[in-house]
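Notes to accompany the following structure.
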Amino acid sequence: MMKKLFLIFLVLFAAACTNTENQLKNDKNTVFALDKSNTGKVYSTYPNEKNIKSFGTLVNGKLQGKYFEYYENGSPLFVTNYKEGKLNGTAKKYYENGKIQVKGYMKDNLAEGKFTFFYEEGGRQSIKNFKHGIYDGYYMEFYPNGAVKVKGNYTEGYKNGIFSFYNDEGKKIQEGKYFNGIRYGIWKDFDTNGKVISSVDYKDKGYLTPEEKI
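Taking my numbering, the leading residue of the sequence shown gets 3, the next gets one more, and so forth.
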């Protein structure tokens with residue numbers, strides 16, 4: 003599941019931006035203003051040849067510095083940074099309505115550090131941390147009203163440690179532990195007053211034992 007989620011994330015950044023030089027060279031609507039060392043400005047347009055689709059700078063044939071991509075209506079789609087042809091630095095993706103969808107930091111085409119995802123209407127949707135392109139660090143999800151939905155931690159791509167789940171009023175409704183992506187130990191469910199209403203014991207490898215009422 004984690005790998006599938008990360009592939010979705012890659013669509014937002016790396017899949018859309020990696021090999022951008024080749025995409026530009028093969029686009030008949032791309033305009034280059036380069037010197038003999040393949041250094042200069044480059045931009046592409048939508049088929050109507052009026053609206054800018056992307057804009058950036060090539061140095062020795064590789065993207066360098068800020069790179070912009072736009073929706074056909076002119077609002078920003080991506081704002082990224084390149085160093086010698088690789089994504090490095092702050093990266094942002096926007097919804098077509100102009101509101102930010104995700105922001106974070108890329109290092110050599112891989113996600114690094116904290117990424118914040120947002121709802122289209124505004125407000126945080128989730129916070130995910132990465133190390134060398136995989137989940138690593140604290141993880142949070144939020145309801146549209148801003149209340150915390152999930153809190154937990156990843157280690158080298160796997161859920162590890164305590165994960166807590168809440169309703170949209172901020173009341174904890176479930177809590178338990180993961181070990182390398184597998185539930186283990188006692189998982190508890192709570193009512194809105196914080197009282198334990200049931201618990202489940204996960205044995206080795208996450209196999210479920212009969213529910214025990216408390």
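A virtual CB, placed ideally from N, CA and C, is assigned to each residue, including glycine.
Looking at the strands, I want to know which residues DSSP matches up with E123. Checking the DSSP bridge columns, you'll see E123 has no partner listed.
For D110 and V202, what's the separation of their Cα atoms in angstroms? Cα-Cα distance, rounded: 43 angstroms.
Going by alpha carbons, who is nearest to Q103 out of R126, K116 and L112? R126
Buried or exposed: which applies to G67, given that a residue is buried once 16 or more other Cβ atoms fall within 10 Å of its Cβ? exposed
Roughly how many whole angstroms lie between the Cα atoms of M142 and Y168? Going from the Cα of M142 to the Cα of Y168 covers about 11 angstroms.
Within 10 angstroms of its Cβ, does N195 collect 16 or more other Cβ (buried), or is it exposed? exposed
CB contact below 8 angstroms: K94 versus chain B: Reference to chain B is not applicable here, since this structure consists of a single protein chain.
Rounded separation between N147 and N90 - CA only: 33 angstroms
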